[in-house]
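Under the working numbering, the letters of the sequence shown match residues 309 to 695, in that order.
Here a beta-carbon is modelled for each residue, glycine too, at the ideal position from N, C-alpha and C.
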Amino acid sequence: MAHRKSILSILGAAALLTGCAYVTDAIFPGSAVDESAAPAERIEIAPSQTELAAAPTLTPTAPPTLGSTSFGGLNVTPGQSTGTFVGQRVTQIRGDLAVLQRNIIQRNQGLQVIRIETMGTSQRYHGTVAAISTRLQIGTTPGNPVLVDQWNLAQTELDGMGEGIARMNTLANTVANDSAFAAFLLESVRATYGLAGAIDEDHRQLAILEDETNRTVVLIDRLLNELSEDVSRQTAYVGNERSNLTTLSLAIKNGELLGRSLANRAFASAAPIATQAPVSNRTAASSGRRPLVVIRFDRPDVPFEQALYTAINRALEARPNSQFDLVAVTPNQGSPADVALNTTKSKRNAETVFRALIDMGLPAGRISLSSSQSPEAFTNEVHIYLR
């Protein structure tokens, strides 16, 4: 046993001496070298997968494009009072319409200011996050106070974008009130036609007011649609960037770049939910599918929101990845002019339902819009199909 220990000790000492000689020769190449010895074999070690992988980057997702429409340009045609009772009503409605259009100009100005401020805030946020990402990529100390200050600045800018969303929501509520007032004005114009004691000039001015009120209603609907889309896109964007900032804070704590949020990456790389193509125009109602929801707009201000929410909520509980086809159905009855007018109204109703679904939290990407005519419909309808 003692003999075995001595052999192990000798072998260990020889190994240490051999290692020391190798290091000495490597550091001091001028020392004596045994030229008769065979050259050492060079062994190439392949780089690891980590070394081959590209350096991670943390570039924030591109901010969603905000709407660029400027809403305005409508005017009220002046008119002379005829002295009749109907003429007095026409003058009053004309004044109310002028006030409404001035309000829309103010809403448009407010929207443009919010857009400009949101874009500026987004640019500053992107610049700050890019600076943090660059410093982490080249290496830094854990918990670098400079990066911590920059992260706090990025958080402030992101909160500023959240405040922009709140201002858009407030503006949307105000415009919704304007929309209700515009609908009231339109009904007032149409009701005035039935008043007794009017002359031809009163009806001529009423016809002009009806056209201008209709154009105002369409403009307000477009403004509401664009506001809903801006709010929806900005909300999703800010939510994703909050996840990215959380991941970035951990990277600053560790002093090395980790990459994008895993939650965002998982959603971004998910496979398409459905492979079925959207239903083409004029074929949805005749495709034989049973609609999930049918909303009949047979009177003003149809209260459809609660029933719609209940139906969509139950569908998503059963199939969380469901998508929906929203079809504006027009009755194929009457003259071509009547069909054209009903088609316009039906599409406007579909846009109202579309906005309601977005406000309920359903992503716009899950909804497809189309229109159709049906001889079985007696009034304008909106059908929602599960896909």
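Assuming residue i contacts residue j (C-beta within less than 8 Å), just tell me the rounded distance between them.
i: Q458; j: A439; result: 6 Å
i: T500; j: R397; result: 5 Å
i: G505; j: T399; result: Not really, about 15 Å apart at Cβ, beyond 8 Å.
i: R382; j: R523; result: The sequence shown places Leu at residue 382, not Arg. With a Cβ gap of about 6 Å, L382 and R523 count as contacting.
i: M469; j: T426; result: 6 Å
i: F686; j: P611; result: Their Cβ separation, rounded to whole angstroms, is 20 Å, which puts F686 and P611 out of contact at 8 Å.
i: A480; j: S536; result: 7 Å
i: I528; j: R475; result: Contact flag wrong, Cβ pair sits at about 18 Å.
i: L634; j: A658; result: 6 Å
i: V697; j: V690; result: With the chain represented from 309 up to 695, any question about residue 697 goes unanswered, as that position is not in the structure.
i: S682; j: T651; result: Not quite, the Cβ-Cβ distance comes to about 12 Å (not below 8 Å), so this is no contact.
i: L616; j: A664; result: 6 Å
i: I473; j: V407; result: About 29 Å separates the two Cβ atoms, so there is no contact after all.
i: V661; j: I603; result: 6 Å
i: S654; j: N688; result: 4 Å
i: L493; j: V394; result: At roughly 16 Å, the Cβ-Cβ gap does not stay under 8 Å, so L493 and V394 are not in contact.
Of the residues the options, which one's Cα is nearest the Cα of residue i?
i: D486; options: T500, A626, V525; result: V525
i: L531; options: F379, R607, E518, I666; result: F379
i: G669; options: F612, A544, D519, V421; result: A544
i: A520; options: L665, M469, D633, Q409; result: The sequence given here places Glu at residue 520; Ala does not occur at that position. The option with the nearest alpha carbon to E520 is Q409.
i: S762; options: G673, V647, T652, I413; result: Outside the shown range of the chain, which is 309 to 695, sits residue 762, and nothing can be said about it.
i: P608; options: A474, Y617, R656; result: R656
i: T436; options: I412, L461, T618; result: L461
i: T618; options: F632, E564, V601, V384; result: V601
i: F632; options: P671, S676, L444; result: S676
i: T385; options: R627, L517, Q641, R695; result: L517
i: L624; options: P671, R498, N562; result: P671
i: Q420; options: V546, E534, H511, A488; result: E534
i: G563; options: V456, L616, T390; result: V456
i: D404; options: P453, E689, V497; result: V497
i: R512; options: P599, R604, K653, T390; result: T390
i: R597; options: I692, P628, L514; result: I692
i: Y433; options: L665, R622, Q388, N552; result: N552
i: Q641; options: G428, G547, E684; result: E684
i: N452; options: N416, V546, T555, K561; result: K561
i: E465; options: I446, N477, S430; result: S430
i: V454; options: S557, P599, E509; result: S557
i: T482; options: G418, A645, N548; result: G418
State the DSSP-derived secondary structure class of residue i, mapped to helix, strand or coil.
i: P586; result: Bear in mind that a pLDDT of 42 at P586, under 50, signals an unreliable position, so the number given afterwards is only what the model happens to contain. In the structure shown, P586 sits in coil (DSSP, three-state: anything other than H, G, I, E or B).
i: T429; result: helix
i: Y693; result: strand
i: E564; result: coil
i: S540; result: helix
i: S389; result: coil
i: V394; result: helix
i: D609; result: coil
i: A447; result: Reading off the sequence, residue 447 comes out as Gly, not Ala. G447 falls in the coil class under three-state DSSP.
i: A593; result: Only weak support exists for where A593 lies, its pLDDT of 46 falling under 50; the coordinates are left without a value.
i: S551; result: helix
i: V382; result: As written in the sequence, residue 382 is Leu, which differs from the Val given in the question. Coil at L382, not helix or strand.
i: R402; result: helix
i: G505; result: coil
i: R598; result: coil
i: R312; result: The predicted model places R312 with a pLDDT of 43, which falls under 50 and marks its position as unreliable; any figure quoted below should be read in that light. Here R312 sits in helix by DSSP.
What first and last residue would you give for the beta strand (DSSP E) that runs through residue i?
i: R604; result: 601-604
i: D633; result: 632-639
If you follow the alpha helix (DSSP H) that residue i is part of, which residue opens it and which one closes it?
i: N629; result: No alpha helix (DSSP H) contains N629, which DSSP labels as neither H nor E.
i: V497; result: 453-500
I'd like to know if residue i contacts chain D, where contact means its C-beta is closer than 8 Å to some C-beta of that chain.
i: R550; result: Protein chain content of the structure displayed is limited to a single chain, and chain D is not contained in it.
Does the beta-carbon of residue i, which I'm using as the reference point, lie nearer than 7 Å to any heavy atom of the ligand HEM?
i: Y545; result: Summarising the ligand content, the structure contains no ligands, and the ligand HEM is consequently not present.
*Within the region 635-689, ranges of the alpha helix (DSSP H) (whole runs, at least 4 residues)*: Counting whole runs of 4 or more residues, the region 635-689 contains the alpha helix (DSSP H) stretches 644-667.
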